[in-house]
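Residue numbers (the numbering used here): 3 to 425.
In structure tokens, the structure reads:
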């Protein structure tokens with residue numbers, strides 16, 4: 003991980019940034035001047051790694067974080083495009099890719115099939131807990147990120163319960179005088195795929211988050227706004243598949259005082275609750291002990307809006323202790339993948355305030371655990387949706403309900419979403 007920037011020694015090359023930009027030259031990229039400068043005949047001068055439109059590019063073997071830092075230095079709201087390939091961490095740390103306040107407004111987009119993984123078997127120590135993962139989080143969004151910051155079209159995978167703190171690796175979030183931003187257990191242990199912390203409201207589109215494991219909760223995503231409520235984290239056209247954790251929110255964990263919008267997303271094969279007894283003993287934490295938690299967990303004092311999503315084959319659908327949260331036009335179907343370790347059986351929805359649950363199709367072991375859902379506004383005995391290979395419903399009753407494949411992922415979504423063969 004890179005050390006924090008030092009004060010500038012000149013307007014062109016701040017100390018710290020110069021070394022980063024110089025390293026980009028080693029990758030075959032030219033450095034000429036800063037953004038906005040002009041060359042002969044008033045033609046634009048290219049910045050490190052940019053094309054003639056000012057877009058930054060990253061290719062396999064190059065350092066994504068280094069290019070993100072250079073883009074942040076060159077232009078507010080820059081676009082960075084990652085070209086097809088698998089990208090892995092080159093050293094141990096807390097995150098593979100981090101967005102801090104200086105990166106606000108950057109759009110990080112995939113070109114072709116781009117995989118960002120926490121794992122690097124070639125250099126990771128097999129004796130380390132979490133091998134072959136080398137970072138806590140694949141992507142980290144820290145305090146000071148607005149909805150203008152976009153992550154689009156990548157696959158995020160490989161987290162495996164590795165945990166490093168500020169004593170063992172460089173910090174990914176600057177220390178703050180605000181008590182709300184004090185880093186704790188969930189900062190380090192949750193959010194194997196994506197960790198969102200503080201006043202951080204990124205837009206995440208067309209991202210596949212699959213096969214991540216954490217030591218505690220939120221194997222796919224952990225949203226930890228700490229009570230800041232200026233905006234929401236947005237997930238649109240995303241897929242959460244086969245993420246596993248011992249505690250809450252196997253796909254998405256919305257911690258207390260946090261907010262998220264989830265639109266046209268697929269949740270399939272996500273498993274939590276596998277270590278709740280151990281967590282109670284080791285950390286003194288107990289939550290939804292009887293039935294366990296869902297692929298989506300929403301803690302008290304948190305807000306979510308879920309629209310046109312599909313939850314299937316998870317251990318429980320969604321549990322929500324918030325007030326007034328909305329679940330619209332969504333499918334909850336056969337979320338019964340529990341291991342029998344919880345005293346109570348699996349459920350589709352466990353929601354305290356269901357006043358805004360409408361036009362949802364629900365079918366499984368227990369459709370409505372709290373019996374708070376208005377039957378007249380929903381279908382609590384839904385017919386088989388007859389999912390296709392991409393988990394899109396084919397049954398005519400589901401024409402306007404549930405997840406649909408988004409164009410942004412159409413080039414390469416099929417491979418990570420193919421159903422597993424029968425054993």
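Each residue gets a CB set at the ideal place from its N, CA and C atoms; glycine is no exception.
How many angstroms separate the CA atom of residue i from the CA atom of residue j?
i	j	result
residue 406	residue 252	22 Å
residue 172	residue 78	25 Å
residue 389	residue 314	10 Å
residue 284	residue 219	14 Å
residue 224	residue 90	21 Å
residue 129	residue 184	31 Å
residue 317	residue 215	15 Å
residue 203	residue 108	13 Å
residue 371	residue 105	42 Å
residue 404	residue 261	21 Å
residue 81	residue 66	12 Å
residue 329	residue 125	44 Å
residue 127	residue 146	34 Å
residue 120	residue 298	22 Å
residue 213	residue 136	15 Å
residue 400	residue 341	30 Å
residue 201	residue 115	30 Å
residue 327	residue 168	35 Å
residue 170	residue 269	34 Å
Report all residues from its chain with a CB closer than 6 Å to the CB of residue i; omit the five preceding and five following residues, and keep chain order.
i	result
residue 460	No information on residue 460 is available, as it lies outside the stretch 3 to 425 that the chain covers here.
residue 113	83, 85
residue 211	158, 195, 222, 242
residue 350	319, 334, 337, 364, 366, 369
residue 384	363, 364, 365
residue 178	none
residue 60	66, 69, 84
residue 346	292, 293
residue 277	248
With burial defined as no fewer than 16 other Cβ atoms inside 10 Å of the residue's Cβ, what is the status of residue i: buried or exposed?
i	result
residue 273	buried
residue 52	buried
residue 378	exposed
residue 180	exposed
residue 64	buried
residue 182	exposed
residue 325	exposed
residue 73	buried
residue 398	exposed
residue 386	exposed
residue 62	exposed
residue 92	exposed
residue 409	exposed
residue 239	buried
Between residue i and residue j, how many whole angstroms is the CB-CB distance? I'm expecting something under 8 Å.
i	j	result
residue 449	residue 321	With the chain covering only 3 through 425, there is no way to say anything about residue 449.
residue 309	residue 331	6 Å
residue 123	residue 155	Wrong, their Cβ atoms sit about 25 Å apart, outside the cutoff.
residue 254	residue 222	6 Å
residue 161	residue 194	3 Å
residue 306	residue 264	7 Å
residue 237	residue 191	In fact, because the Cβ distance is near 21 Å, the residues do not count as touching under 8 Å.
residue 95	residue 166	6 Å
residue 242	residue 312	Actually they do not touch by this definition, with Cβ atoms about 10 Å apart.
residue 118	residue 158	5 Å
residue 186	residue 164	The pair is not a contact, with the Cβ atoms about 18 Å apart (cut-off 8 Å).
residue 138	residue 97	6 Å
residue 149	residue 245	So it is not a contact: roughly 24 Å between Cβ atoms.
residue 323	residue 300	7 Å
residue 151	residue 205	7 Å
Quick one: residues in its chain with C-beta nearer than 7 Å to the C-beta of residue i, no 5 flanking neighbours on either side, listed in chain order?
i	result
residue 288	282
residue 344	275, 292, 293, 294
residue 259	227, 228, 229, 303, 304
residue 382	364, 369, 370, 375
residue 57	81, 83
residue 153	110, 141, 204, 206, 209
residue 247	215, 216, 218, 219, 220, 221, 274
Identify, in the order they occur along the chain, each residue of the same chain with its Cβ nearer than 8 Å to the Cβ of residue i, setting aside the five sequence neighbours on each side.
i	result
residue 189	175, 197, 199, 226
residue 339	271, 273, 315, 316, 317, 348
residue 231	259, 261, 305
residue 395	312, 333, 387, 388, 389, 403, 404
residue 380	359, 360, 361, 362, 363, 364
Measuring only between beta-carbons, confirm whether residue i sits less than 9 Å from chain D.
i	result
residue 246	Of the chains in the structure shown, none is chain D; there is only one protein chain.
| Given 8 Å, three or more beta-carbon pairs between the stretch 96–104 and the stretch 138–155 | yes
| Do three or more CB pairs link the stretch 363–372 to the stretch 329–343 at distances below 8 Å? | yes
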